[in-house]
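In the numbering used here, the protein residues as written are 736 to 1643.
Read the structure below first, then the notes.
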């Protein structure tokens, strides 16, 4: 199943988004122009390939000296020549995004050179730069798939005269433009896709077992996305997913492809049946997934192209869709005397103004007529009329720091994690430390304290020589600097306590042999939760009828900011949004529903007419995501990608900053980290002399809150902090001040004194700790062929289909989504909210409660937190606060209580 999950994550990604200013109604689905770059050692050299919006090669540039460190005048001349060529290359072709294959540490230098070239172009030749290059970004890309393509038969067929590195760069850029088509191109007769290493355990699967998973996943995603036939007819590499369309297969797909290429364009789905040789049964299965729109050669046709042919609505439901569109249009214009010629006008009107459909009630329209039996189809029609083939895949996201580190180093968490044994070669020796190199090229740092257990060893120059090979253990990793801190102390080398035991047998250690007891506890907890879990009648891309445990399990391998909306155990007037803050850190937010008829059980199970978060009121979940969650998660991701953000617990961040302080003793070092005790907040840690000090930074949709002030971005916050570091401590919010005001409590399991469906108390909700959160009794069965309960080889819930007619290639088409048909918004990859509670995988603490109205009653409130008239800064709204989850890095006595001297002269 891990193999399936990894493949699903790789394939179910939307193309790299174009800038809003580059998107028009006619080319909204055209991919950006990509400049792909692959590093070469000299033979072959570093190569740049420019791809147009359709993935075709426009130009190729070889620049082998661009990263050269000049040693003489000849080297300088060659490097300047290559830089000038690159400048002309980029100015001429105006790329919208640059992707660099991440294969070794030289790629970091290559990326820096490209950025310097971009700045130089803007500075020296601003008139030559079009708006397409505004904000041009350089991204890292994974070369594992492009290297398979480079050596595949399909690349030889498509580019017989190009060098291997050019083919690799083409695949690197095409994956950014269309991940599905790029992966599908390796699923041909040679099945090169089976050589793509995605999980260490996949070696236990034979080729047939792996390809069954590949086929099932590719079928699901391909039919979810559809294929633009006219675009593919002019760019044949886009035909690669065609074999996975329902009703087709490799042979039928190849025959249809040849027919479409000969014709050059198609203007109606019906032509597939009459002119392109599809049998009736095949047509019925495939038609809803084959898009016919004005693209490719058809963009200039004078023939009529039915808008419905560019939707997931099956041709058998066209009459129903036309009738529905006509009825809505009549109600809008107030004219009941429309003839058949006005149907197309009605559909165009609804497509241009989807807001007209937003308030349209499908259930009311179906009424007591025969349409009630087509209710799910009507929901799908409504969704497709608003936006045909709406994007359901996950949004493209940049690689995080861990992914970049492991791609560039060539290591994995198993080969280079904390506690792993490595071989290091000494390159430079100083009295207090030795600088080493690892086999992967990473820099290793060995301090005098970590060299030996004998504290009398005061000078490393007496113990080590350049070229010495040491057996060390990894102490910590500074991934943004590609540095590994090592230890050679005998007690550390012998100790296996820091080893990653994720892949070890649970009985490997005697102290970990209580697995059966833990499983029994989990089983009983799920049985208890089954009595409280109440599924809801809500259809939305972000809603699932799952419990807190299932939500956290589903989000565990997702990126920070991903979220799930689910039923709340507090009752039918609440929903809960579960958000992944960071790896192992989750938060749960109550959303209050209003406008319900409590005497009608059906009304209780449906979503409320209003939704309330704090003092903000929203009309529906789409508005919650647009106005609240998306900006909130934008700030979350900005912090996680900030140059001074440090991964790890508070103690680990302290250690990193201590090491930085040793390197630059005359500077005040600082960094931001995740607060594991109060998810949704960050810890600002700084060291002036030797003691780390900590302050809390709150996260809000409007920005970051620090010392009672709101900042739109992190740079302004940092500038304010640097100017006011000498302010008295009582004007800031330290971790100790928070702890002083938070009394501990332990609510009863499932505890609610208000009766009803259970929950965490009365009032309007607030933070709920791990003792309060929902538990599930639903099994986690997701076998390969188990399609019940969303079972899927990827381990994730299946993409929604309207019809629900099977999952194989011969399944019927669909015209919408069973699970998301009532949604009027695409699947968002962001999540957030206010009044969060938290869960941390590493452990659970009791709840800490801070009530706005009673801050003055807590011990030390006025001493430690004078500005504390507002809510705890980690909140995204107002209300009652408590924090749950494990405190991964607890506060020490000296963390921020000491006064800060105003006379310090240390710089930044």
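A virtual CB, placed ideally from N, CA and C, is assigned to each residue, including glycine.
Buried or exposed by the 16-neighbour rule on C-beta atoms within 10 Å, applied to residue 1108 | Counting Cβ neighbours within 10 Å, residue 1108 comes out exposed, since fewer than 16 surround it.
Residue span of the beta strand (DSSP E) that contains residue 1653, given as start and end | An answer regarding residue 1653 cannot be provided, because it is not within the stretch 736 to 1643 covered by the chain.
Which first and last residues belong to the beta strand (DSSP E) in which residue 1310 is found?
-> Membership of residue 1310 in the beta strand (DSSP E) is indicated by the continuous run 1309-1317.
Helix, strand or coil: how does DSSP classify residue 1274 here?
-> coil
Which residues in the same chain have their Cβ closer than 7 Å to the Cβ of residue 1068, if we skip the five residues on either side of it in sequence?
-> none
Helix, strand or coil for residue 901, going by three-state DSSP, please let me know.
-> helix
Starting from residue 1386, trace the alpha helix (DSSP H) both ways and give me its first and last residue.
-> Its alpha helix (DSSP H) spans residues 1385-1398.
Rounded to a whole number of angstroms, what is the C-alpha to C-alpha distance between residue 1013 and residue 797?
-> For residue 1013 and residue 797, the distance between alpha carbons rounds to 46 Å.
Cβ-based burial, residue 1272 [other Cβ within 10 Å; buried from 16] | Exposed, since its Cβ has fewer than 16 Cβ neighbours within 10 Å.
Name the two residues that bound the continuous beta strand (DSSP E) containing residue 1182.
-> 1178-1182
Since I believe residue 1114 is in contact with residue 1059 (beta carbons under 8 Å), could you give me their beta-carbon distance rounded to a whole number of angstroms?
-> With 8 Å as the limit, residue 1059 and residue 1114 do not qualify as a contact, their Cβ atoms being about 11 Å apart.
Kindly identify the DSSP beta-bridge partner or partners of residue 1221.
-> 1209
In terms of residue numbering, what span does the beta strand (DSSP E) encompassing residue 1162 cover?
-> 1156-1164 is the span of the beta strand (DSSP E), which, as asked, contains residue 1162.
The ligand FAD heavy atom lying under 7 Å from the CB of residue 1179 | The model depicted lacks the ligand FAD and carries no ligand whatsoever.
Under a Cβ-count criterion, where at least 16 other Cβ atoms within 10 Å of its own Cβ denotes burial, should residue 913 be classed as buried or exposed?
-> buried
Beta carbon of residue 836 nearer than 8 Å to that of residue 931 = no
Selected residue, minimal CA-CA separation from residue 972, among 1213, 1199, 921, 869 | 921
In the structure shown, what three-state DSSP assignment does residue 1408 receive?
-> strand
Mind the definition here: the segment 1345-1365 touches the segment 1312-1330 only if three or more C-beta pairs lie below 8 Å; say whether that holds.
-> yes
Going by beta carbon distance, what residues of the same chain come within less than 6 Å of residue 760, once the five residues before and after it are set aside?
-> With a pLDDT of only 43 at residue 760, under the threshold of 50, the placement of this residue in the model should not be trusted, and no figure is reported.
Around the Cβ of residue 1276, are there at least 16 other Cβ atoms within 10 angstroms (buried) or fewer (exposed)?
-> Residue 1276 comes out buried.
When you compare only the Cα positions, how much space is there between residue 749 and residue 787?
-> So the alpha carbons of these two residues sit roughly 18 Å apart.
Comparing the C-beta of residue 1188 with each C-beta of chain C, is any distance below 8 Å?
-> Within the model displayed, chain C is absent; a lone protein chain is all it includes.
For residue 1380, which beta-bridge partners are listed by DSSP?
-> 1407
Report yes or no: do the segment 1281-1301 and the segment 1315-1322 share at least 3 C-beta pairs separated by less than 8 Å?
-> The segment 1281-1301 vs the segment 1315-1322: in contact.
Please state if the CB of residue 844 and the CB of residue 1136 are separated by a distance shorter than 8 Å.
-> no
Cβ shell of residue 1061 (< 8 Å), same chain only, five flanking positions each side left out = Excluding positions up to five away in sequence, the list reads 1073, 1077, 1078, 1081.
CA nearest to the CA of residue 795, picked from 803, 936, 785, 1179 = 785
Would you call the segment 1222-1230 and the segment 1392-1399 in contact, with 3 or more CB pairs under 8 Å?
-> By the criterion of at least three beta-carbon pairs nearer than 8 Å, the segment 1222-1230 is not in contact with the segment 1392-1399.
Alpha carbon to alpha carbon, how far is residue 701 from residue 1424?
-> Because the chain spans 736 through 1643 in this model, residue 701 falls outside it and cannot be assessed.
Which residue comes first and which comes last in the beta strand (DSSP E) that contains residue 825?
-> Looking at the DSSP string, residue 825 is not in any beta strand (DSSP E); the run it does join, the alpha helix (DSSP H), is 808-828.
Specify, as a first and last residue, the run of the beta strand (DSSP E) that residue 1430 falls within.
-> 1427-1435
With distances taken Cα to Cα, identify the nearest neighbour of residue 983 among 959, 997, 1016.
-> Ranking 959, 997, 1016 by Cα distance to residue 983 puts 1016 first.
Span of the alpha helix (DSSP H) holding residue 1337?
-> 1336-1340 is the extent of the alpha helix (DSSP H) around residue 1337.
May I ask you to list the residues that DSSP assigns as paired with residue 1299?
-> Residue 1299 is bridged by DSSP to 1313.
Which listed residue (783, 969, 1022) has its alpha carbon closest to that of residue 1005 = 1022
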